[in-house]
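Just below is one structure, and these are the notes that go with it.
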Amino acid sequence: MKTSPPRIPDEAQEGELRDLLPRLPDEAQEQEVRDLLEERAKRLRGLDQAEANREEAVLLVAEFPLGEERYALPLEALRAALPLRMVTPVPLSAPHVIGVLRFQGQVLAALSLASLLGGHGWRQDPAVLLVVDRGDGELCAVDCEAIPRPIGIPVGAVEAARARAEGPIIEVLFGPQQSQQQLVHLIDPARLFIRGGTGARHGR
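Residues in the sequence shown are numbered from 36 upward in steps of one, following our numbering.
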(Lines of atoms letter the chains of each structure in order from A and count residues from 1; the text may use other names and numbers.)
(Lines give C-alpha, C1' and ligand atoms only; values in the text may rest on other atoms or scores of the structure.)
Protein backbone atom coordinates (compact mmCIF):
# COMPACT_ATOMS: atom_id res chain seq x y z
CA MET A 1 0.00 0.00 0.00
CA LYS A 2 1.46 3.32 -1.06
CA THR A 3 1.57 6.17 1.39
CA SER A 4 1.88 9.87 0.64
CA PRO A 5 5.29 11.36 1.42
CA PRO A 6 5.33 13.53 4.55
CA ARG A 7 5.11 17.27 4.03
CA ILE A 8 8.34 19.14 4.42
CA PRO A 9 8.35 21.92 7.07
CA ASP A 10 7.85 24.75 4.57
CA GLU A 11 4.84 22.99 3.05
CA ALA A 12 3.40 22.23 6.47
CA GLN A 13 3.81 25.83 7.56
CA GLU A 14 2.19 27.13 4.37
CA GLY A 15 -0.73 24.77 4.77
CA GLU A 16 -1.27 25.73 8.40
CA LEU A 17 -1.20 29.42 7.57
CA ARG A 18 -3.57 28.97 4.63
CA ASP A 19 -6.06 27.22 6.93
CA LEU A 20 -6.15 30.33 9.10
CA LEU A 21 -6.83 32.80 6.29
CA PRO A 22 -10.01 34.81 6.83
CA ARG A 23 -12.56 35.29 4.06
CA LEU A 24 -14.09 38.49 2.78
CA PRO A 25 -17.15 39.75 4.69
CA ASP A 26 -20.62 38.69 3.55
CA GLU A 27 -23.44 41.25 3.43
CA ALA A 28 -26.08 38.91 4.86
CA GLN A 29 -24.02 37.84 7.88
CA GLU A 30 -22.06 40.97 8.71
CA GLN A 31 -21.93 40.54 12.49
CA GLU A 32 -20.99 36.86 12.29
CA VAL A 33 -18.27 37.54 9.74
CA ARG A 34 -16.91 40.48 11.74
CA ASP A 35 -16.58 38.27 14.83
CA LEU A 36 -14.93 35.56 12.74
CA LEU A 37 -12.42 37.99 11.27
CA GLU A 38 -11.47 39.26 14.71
CA GLU A 39 -11.02 35.72 16.02
CA ARG A 40 -8.87 34.67 13.08
CA ALA A 41 -6.71 37.78 13.39
CA LYS A 42 -6.10 36.81 17.03
CA ARG A 43 -5.20 33.27 15.98
CA LEU A 44 -2.73 34.57 13.41
CA ARG A 45 -1.02 36.72 16.03
CA GLY A 46 -0.88 33.72 18.32
CA LEU A 47 1.06 31.46 15.96
CA ASP A 48 3.93 29.71 17.68
CA GLN A 49 6.97 31.63 16.47
CA ALA A 50 9.34 28.83 17.39
CA GLU A 51 7.38 26.28 15.37
CA ALA A 52 7.16 28.63 12.38
CA ASN A 53 10.91 29.19 12.47
CA ARG A 54 12.08 25.58 12.58
CA GLU A 55 14.30 25.83 9.50
CA GLU A 56 15.27 29.51 9.52
CA ALA A 57 14.43 32.55 11.61
CA VAL A 58 11.58 34.35 9.88
CA LEU A 59 9.45 37.40 10.53
CA LEU A 60 5.74 36.68 10.12
CA VAL A 61 4.02 39.42 8.14
CA ALA A 62 0.57 40.15 6.69
CA GLU A 63 1.14 40.62 2.95
CA PHE A 64 -1.25 42.26 0.49
CA PRO A 65 -1.21 43.93 -2.95
CA LEU A 66 -1.24 47.69 -3.40
CA GLY A 67 -1.52 48.45 -7.07
CA GLU A 68 1.08 46.33 -8.84
CA GLU A 69 3.35 46.00 -5.80
CA ARG A 70 3.36 43.83 -2.69
CA TYR A 71 3.23 45.41 0.75
CA ALA A 72 3.22 43.92 4.22
CA LEU A 73 2.73 44.79 7.88
CA PRO A 74 4.35 42.88 10.76
CA LEU A 75 1.82 40.26 11.82
CA GLU A 76 2.37 41.13 15.47
CA ALA A 77 0.99 44.63 14.74
CA LEU A 78 -2.31 43.30 13.35
CA ARG A 79 -5.21 43.53 15.79
CA ALA A 80 -8.27 42.85 13.62
CA ALA A 81 -9.64 42.73 10.09
CA LEU A 82 -13.05 44.38 9.73
CA PRO A 83 -15.50 45.29 6.96
CA LEU A 84 -14.84 48.73 5.48
CA ARG A 85 -18.54 49.56 5.87
CA MET A 86 -17.98 50.05 9.61
CA VAL A 87 -16.37 53.44 8.91
CA THR A 88 -18.33 56.64 9.51
CA PRO A 89 -17.20 59.42 7.14
CA VAL A 90 -15.98 62.67 8.68
CA PRO A 91 -16.80 65.84 6.70
CA LEU A 92 -13.90 68.16 5.88
CA SER A 93 -11.32 65.67 7.15
CA ALA A 94 -7.75 65.50 5.84
CA PRO A 95 -7.30 63.75 2.46
CA HIS A 96 -5.73 60.67 4.02
CA VAL A 97 -8.56 60.25 6.57
CA ILE A 98 -11.44 58.01 5.46
CA GLY A 99 -13.44 58.49 8.65
CA VAL A 100 -13.72 56.98 12.12
CA LEU A 101 -14.89 53.70 13.63
CA ARG A 102 -15.50 52.25 17.08
CA PHE A 103 -13.34 49.34 18.15
CA GLN A 104 -13.31 47.86 21.66
CA GLY A 105 -14.42 51.07 23.34
CA GLN A 106 -12.15 53.34 21.35
CA VAL A 107 -12.76 55.69 18.45
CA LEU A 108 -10.13 54.99 15.79
CA ALA A 109 -9.09 57.03 12.80
CA ALA A 110 -9.59 55.10 9.56
CA LEU A 111 -6.86 56.06 7.12
CA SER A 112 -6.20 55.63 3.42
CA LEU A 113 -3.06 53.53 3.19
CA ALA A 114 -2.54 54.52 -0.44
CA SER A 115 -2.52 58.20 0.54
CA LEU A 116 -0.14 57.62 3.45
CA LEU A 117 2.25 55.88 1.08
CA GLY A 118 2.27 58.70 -1.43
CA GLY A 119 -0.79 58.25 -3.60
CA HIS A 120 -0.41 54.67 -4.81
CA GLY A 121 -3.52 53.37 -6.56
CA TRP A 122 -5.41 50.21 -5.66
CA ARG A 123 -6.17 47.61 -8.32
CA GLN A 124 -9.69 47.39 -6.93
CA ASP A 125 -11.71 49.32 -4.36
CA PRO A 126 -10.70 48.50 -0.77
CA ALA A 127 -13.17 46.26 1.09
CA VAL A 128 -11.40 45.64 4.38
CA LEU A 129 -10.05 47.63 7.32
CA LEU A 130 -6.93 46.48 9.14
CA VAL A 131 -6.73 47.58 12.76
CA VAL A 132 -3.06 47.88 13.63
CA ASP A 133 -0.84 48.92 16.50
CA ARG A 134 0.99 52.06 15.41
CA GLY A 135 4.09 51.03 17.33
CA ASP A 136 3.41 53.05 20.48
CA GLY A 137 0.47 51.07 21.86
CA GLU A 138 -2.15 53.24 20.16
CA LEU A 139 -4.38 51.84 17.42
CA CYS A 140 -5.50 53.07 14.02
CA ALA A 141 -7.08 51.46 10.97
CA VAL A 142 -6.05 51.40 7.31
CA ASP A 143 -7.96 50.27 4.25
CA CYS A 144 -6.97 47.27 2.15
CA GLU A 145 -8.25 45.53 -1.00
CA ALA A 146 -8.66 42.20 0.79
CA ILE A 147 -7.61 40.45 3.96
CA PRO A 148 -3.83 39.90 3.78
CA ARG A 149 -2.18 36.51 3.63
CA PRO A 150 0.41 35.59 6.27
CA ILE A 151 3.90 34.79 5.00
CA GLY A 152 7.35 34.43 6.54
CA ILE A 153 10.28 36.62 5.50
CA PRO A 154 13.84 35.69 6.56
CA VAL A 155 14.93 37.88 9.46
CA GLY A 156 18.37 38.29 7.90
CA ALA A 157 16.88 39.82 4.76
CA VAL A 158 14.69 42.13 6.85
CA GLU A 159 17.58 43.37 8.97
CA ALA A 160 19.80 43.96 5.93
CA ALA A 161 17.03 45.95 4.23
CA ARG A 162 16.24 47.88 7.43
CA ALA A 163 19.85 49.05 7.64
CA ARG A 164 19.50 50.64 4.20
CA ALA A 165 16.02 52.11 4.70
CA GLU A 166 15.51 55.74 5.62
CA GLY A 167 11.72 56.07 5.54
CA PRO A 168 8.76 53.98 6.73
CA ILE A 169 9.06 51.44 3.89
CA ILE A 170 11.64 48.65 4.03
CA GLU A 171 12.20 47.04 0.63
CA VAL A 172 12.97 43.40 1.40
CA LEU A 173 14.32 41.19 -1.37
CA PHE A 174 14.32 37.49 -0.54
CA GLY A 175 14.13 34.06 -2.16
CA PRO A 176 15.93 30.71 -2.34
CA GLN A 177 17.80 31.67 -5.52
CA GLN A 178 18.73 34.86 -7.33
CA SER A 179 16.26 34.11 -10.13
CA GLN A 180 13.43 33.43 -7.66
CA GLN A 181 13.74 36.45 -5.41
CA GLN A 182 10.66 38.41 -4.41
CA LEU A 183 10.33 42.06 -3.41
CA VAL A 184 8.04 42.98 -0.53
CA HIS A 185 7.63 46.52 0.78
CA LEU A 186 7.54 46.02 4.55
CA ILE A 187 5.83 48.88 6.41
CA ASP A 188 7.37 50.10 9.67
CA PRO A 189 4.25 51.14 11.64
CA ALA A 190 6.12 53.43 14.04
CA ARG A 191 7.70 55.41 11.21
CA LEU A 192 4.54 55.57 9.10
CA PHE A 193 1.78 56.27 11.62
CA ILE A 194 3.37 58.15 14.50
CA ARG A 195 4.86 60.79 12.26
CA GLY A 196 1.34 61.67 11.12
CA GLY A 197 -0.08 61.85 14.64
CA THR A 198 -2.80 59.33 13.82
CA GLY A 199 -4.31 56.96 16.31
CA ALA A 200 -7.06 56.35 18.80
CA ARG A 201 -8.88 58.23 21.47
CA HIS A 202 -11.05 56.64 24.11
CA GLY A 203 -14.75 56.65 23.33
CA ARG A 204 -17.63 56.68 25.76
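Heads up, the beta-carbon is just placed ideally off N, CA and C, and yes, glycines get one too.
Who are the Cβ neighbours of residue i in its own chain at under 7 Å, not counting the five residues just before and after it?
i      : result
PHE209 : ILE188, PRO189, ALA192, GLN216 and GLN217
SER150 : PRO130 and HIS131
PRO161 : LEU119, ASP178, CYS179 and GLU180
SER147 : HIS131, ILE133 and ASP178
ASN88  : Since pLDDT at ASN88 reaches only 47, below the 50 mark, its modelled position is unreliable, and no value is offered.
GLU104 : HIS220
Shortest alpha-carbon distance to residue i belongs to which of the options?
i      : options                           : result
LEU94  : LEU221, LEU227 and ALA225         : LEU221
ARG114 : ILE205, GLN213, ALA200 and ARG169 : ARG169
LEU136 : ALA112, GLU111, LEU127 and VAL166 : VAL166
ASP178 : PRO126, SER214, GLY172 and PRO118 : PRO118
GLU111 : GLU98, MET121 and LEU143          : GLU98
VAL163 : SER214, TYR106, ALA145 and GLY102 : ALA145
MET121 : GLU194, PRO211 and ALA176         : ALA176
In terms of residues, what are the limits of the beta strand (DSSP E) holding residue i?
i      : result
PRO189 : 184-189
LEU119 : Counting along the chain, LEU119 falls outside any beta strand (DSSP E), and DSSP gives it neither H nor E.
PRO27  : In this structure the chain extends from 36 to 239, so residue 27 is not present and cannot be described.
ARG137 : 132-138
ALA176 : 174-179
Take residue i and list the residues in its own chain whose beta-carbon comes closer than 8 Å to its own, dropping the five residues that flank it on each side.
i      : result
PRO124 : ILE133 and GLY134
ALA200 : GLU206 and ASP223
LEU56  : Reliability fails at LEU56, whose pLDDT of 48 lies under 50, so the model's placement of it is uncertain and the value that follows must be treated cautiously. Only ARG75, ILE182, ARG184 and PRO185 meet the Cβ criterion.
Along the chain, where does the alpha helix (DSSP H) that runs through residue i open and close?
i      : result
ARG105 : From DSSP, ARG105 is part of no alpha helix (DSSP H) but of the beta strand (DSSP E) over 104-109.
ALA144 : Counting along the chain, ALA144 falls outside any alpha helix (DSSP H), though it belongs to the beta strand (DSSP E) covering 141-146.
Would you grab the beta carbon distance between residue i and residue j for me? Rounded to a whole angstrom, and I think it's under 8 Å.
i      : j      : result
LEU108 : PRO224 : 7 Å
ALA196 : VAL207 : 5 Å
VAL96  : ILE186 : 6 Å
PRO100 : GLU180 : 6 Å
VAL182 : ALA92  : The sequence given here places Ile at residue 182; Val does not occur at that position. ILE182 to ALA92, Cβ: 26 Å. No contact.
LEU174 : GLN213 : Between GLN213 and LEU174 the Cβ distance is about 40 Å, and since that is not below 8 Å, they are no contact.
Sorted by chain position, which residues of the same chain lie with C-beta nearer than 6 Å to residue i's C-beta, five sequence neighbours on each side aside?
i      : result
GLY153 : none
ARG226 : PRO203
GLN159 : GLU180
LEU143 : LEU136, LEU174, CYS175, ALA176 and ALA235
Beta carbon of residue i: closer than 7 Å to some heavy atom of the ligand GTP?
i      : result
GLU180 : Summarising the ligand content, the structure contains no ligands, and the ligand GTP is consequently not present.
Answer yes or no: does any C-beta atom of chain C fall closer than 8 Å to that of residue i?
i      : result
PRO203 : Absent from the structure is chain C; it holds one protein chain and no more.
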